[in-house]
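Peer 1: In the working numbering, the protein residues as written are 19 to 140.
Following this line, the structure appears as structure tokens:
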């Protein structure tokens with residue numbers, strides 16, 4: 019089973035080298051965690067969350083310009099999103115949700131982050 023959600027690109031405050039005030043970062047973390055949780059619950063529909071044992075997560079970034087983030091920093095900026103997805107109940111514990119190498123492309127008209135969550139068979 020596969021679930022897909024779309025989110026805004028995480029702001030500078032959520033990036034590892036963002037150097038923002040702790041309150042700004044806390045506010046952005048709360049916002050993106052909650053947004054990811056709600057969007058994943060919406061993607062699940064009326065089904066009960068599957069409570070997978072392991073999952074892989076794919077991040078597809080679509081930036082406004084060709085100034086892309088480093089792949090490791092891009093994934094690190096999605097920590098709150100990963101936590102929000104885990105909060106939705108799709109997986110028992112987020113430490114068993116492994117990100118794949120992110121893809122980065124340009125889409126000047128519609129910058130976004132597309133997230134695909136797939137069950138990993140043991």
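Yeah, the Cβ is synthetic: ideal placement off N, Cα and C, and Gly gets one too.
What beta strand (DSSP E) runs, 3 residues minimum, are completely inside the region 43-128?
Peer 2: 73-81, 115-117 and 121-124
Peer 1: Looking at the strands, I want to know which residues DSSP matches up with residue 22.
Peer 2: 134
Peer 1: Could you check which residue in 122, 138 and 132 has the C-alpha nearest to that of residue 61?
Peer 2: 132
Peer 1: Are the CB atoms of residue 90 and residue 121 nearer to each other than 8 Å?
Peer 2: The answer is no: Cβ separation not under 8 Å.
Peer 1: Less than 6 Å between C-beta atoms, sequence neighbours within five positions excluded: which residues of the same chain meet that for residue 76?
Peer 2: 118 and 134
Peer 1: If you measure between the beta carbons of residue 102 and residue 54, is that distance less than 8 Å?
Peer 2: Yes, these two residues count as a Cβ contact at 8 Å.
Peer 1: Should the region 38-53 be regarded as contacting the region 61-73, the criterion being three or more beta carbon pairs within less than 8 Å?
Peer 2: no
Peer 1: Give me the Cβ distance between residue 126 and residue 72, rounded to the nearest whole Å; I'm assuming they're in contact under 8 Å.
Peer 2: Not a contact, Cβ separation roughly 36 Å.
Peer 1: Answer yes or no: do residue 57 and residue 95 have a C-beta to C-beta separation smaller than 8 Å?
Peer 2: Result no, Cβ atoms of residue 57 and residue 95 do not sit closer than 8 Å.
Peer 1: Do residue 84 and residue 116 count as a contact pair if the criterion is CB distance below 8 Å?
Peer 2: no
Peer 1: How many angstroms separate the CA atom of residue 38 from the CA atom of residue 47?
Peer 2: Roughly 12 Å between the two C-alpha positions.
Peer 1: Using three-state DSSP, classify residue 41 as helix, strand or coil.
Peer 2: helix
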